[in-house]
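Here the structure comes first, spelled out in structure tokens, and everything after it is commentary.
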Amino acid sequence: MNNIAKKFLISKPIFQRIEQLEKISFVSEERFLDDYLPELKKEEFIIKKGREHTLEIEEVSKTKDKLKKEIMDLSKNFTYSIEKTLDDSNIYTKYFDRKEQMFNSIELSTLEDKQKYLLSQFNKYSNKIISDLNTRKDKIDLIINKVERVRNIYKEEIKKFKHTMINSIKLPFFVYTAKILQNYQQGTGIFISTNDKDDAIRFLTDSTSDHDAMHHLSSGQLAVVSLAFTLAINKSYNIAEDLKFLVIDDPIQDLDALNLHSFIELIRHEFLNDYQIILSTYSDEKALFMKYRFESKVDKVDINHVQNIFYS
-5 MNNIAKKFLI SKPIFQRIEQ LEKISFVSEE RFLDDYLPEL KKEEFIIKKG
45 REHTLEIEEV SKTKDKLKKE IMDLSKNFTY SIEKTLDDSN IYTKYFDRKE
95 QMFNSIELST LEDKQKYLLS QFNKYSNKII SDLNTRKDKI DLIINKVERV
145 RNIYKEEIKK FKHTMINSIK LPFFVYTAKI LQNYQQGTGI FISTNDKDDA
195 IRFLTDSTSD HDAMHHLSSG QLAVVSLAFT LAINKSYNIA EDLKFLVIDD
245 PIQDLDALNL HSFIELIRHE FLNDYQIILS TYSDEKALFM KYRFESKVDK
295 VDINHVQNIF YS
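Per our numbering, residue -5 is the first one in the sequence shown, and the count goes up by one each step.
Right, dumping it as structure tokens:
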């Protein structure tokens, strides 16, 4: 230590004082002065380095006394502020049990250290929560990716099935629409197709055009398309050989005389022998006409008045 003392231009008594102050911190005292005596110019009392003579204890004492006097003089002008003594949060009672000794024993640096500790614990806990949430997010993302892959597989299979289904019914559908739409201006049936990019089903009036039939056909002709689509599916996809059942609610409502006759002939030749068929209509005349045409093909055709059965 003596070798270190010789390298500094300070006297031995001052060096001994410095050794005693080695483990003492004046941070809280300095902040206290900054808070309550902001007009104190501390830099004027700093003993600057670069002196050419050895610093003696007398000069340090003189500077200390001068600083003490300045503090005392400034303290005389200190004004009491009631706002600074208010304890709206009841901290003095809650944390210090209204004991002055306990209150005075707490240093500002201690509270600051405590604050830093709490902040570090908060950050640590927050980081743990964030880490756990990220882990859960990664797991959810993995599940979503797996579900999305499965969904795409099912979507692609459904698309393929629709294409297969349309390919199997397009011929009977075209034939059925051509047979029923006798007065269709183009004189042919309706084409059905699917787009390779998606699984949408389209009804086309011409194989060389992509214009949808919805924009070319009347309401009666569109009803024929719906009927033909139903009949084509039933013809191509039988549930069972011994369970062929066809029920259509008022299929002839929007059909004119020629389309009606064509529809009845189609049912008579394509479905009547193999299917149990139930058709409804509001017209007794058309019901009798269908019964007349069907009886030439099968033995038993019944007409039931639902309203009479319901109210009898």
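Here a beta-carbon is modelled for each residue, glycine too, at the ideal position from N, C-alpha and C.
May I ask which residues mark the beginning and end of the beta strand (DSSP E) holding residue i?
i	result
Val241	Phe239 to Ile242
Leu61	Note, Leu61: premise wrong, no beta strand (DSSP E); alpha helix (DSSP H) at Ile51 to Lys70.
With C-beta atoms as the reference, is residue i less than 8 Å away from residue j?
i	j	result
Thr309	Val218	Beyond the ends of the chain as shown, which are -5 and 306, falls residue 309; an answer cannot be given.
Lys60	Phe26	no
Pro245	Leu221	yes
Ser230	Ser187	no
Leu260	Lys164	no
Val300	Lys285	no
Glu77	Ser22	no
For residue i, which beta-bridge partners are listed by DSSP?
i	result
Gln215	Answer is none; Gln215 lacks a bridge partner.
Thr188	Ile195
Gln270	Phe239
Asp278	Paired residue(s): none; Asp278 is not in a bridge.
Ala234	Leu237
Looking at the unbroken alpha helix (DSSP H) that takes in residue i, where does it start and where does it end?
i	result
Ala251	Ala251 to Glu264
His299	Looking at the DSSP string, His299 is not in any alpha helix (DSSP H), and its letter there is neither H nor E.
Glu24	Val21 to Tyr30
Ala207	Run containing Ala207: none; DSSP gives neither H nor E here.
Phe168	Leu102 to Ile174
Glu94	Glu94 to Ser99
Lys88	Ile85 to Phe90
Taking the beta carbon of residue i as the centre, do at least 16 other beta carbons fall within 10 Å, making it buried, or is it exposed?
i	result
Leu282	exposed
Asn121	exposed
Phe116	exposed
Ser125	exposed
Pro7	exposed
Phe304	exposed
Phe257	buried
Taking 8 Å as the threshold, find out whether the stretch 156 to 172 comes into contact with the stretch 193 to 200 through three or more Cβ pairs.
yes
With three or more C-beta pairs closer than 8 Å as the rule, is the stretch 255 to 274 touching the stretch 233 to 243?
yes
If you pair each beta-carbon of the stretch 131 to 149 with each one of the stretch 49 to 58, do three or more pairs fall below 8 Å?
no
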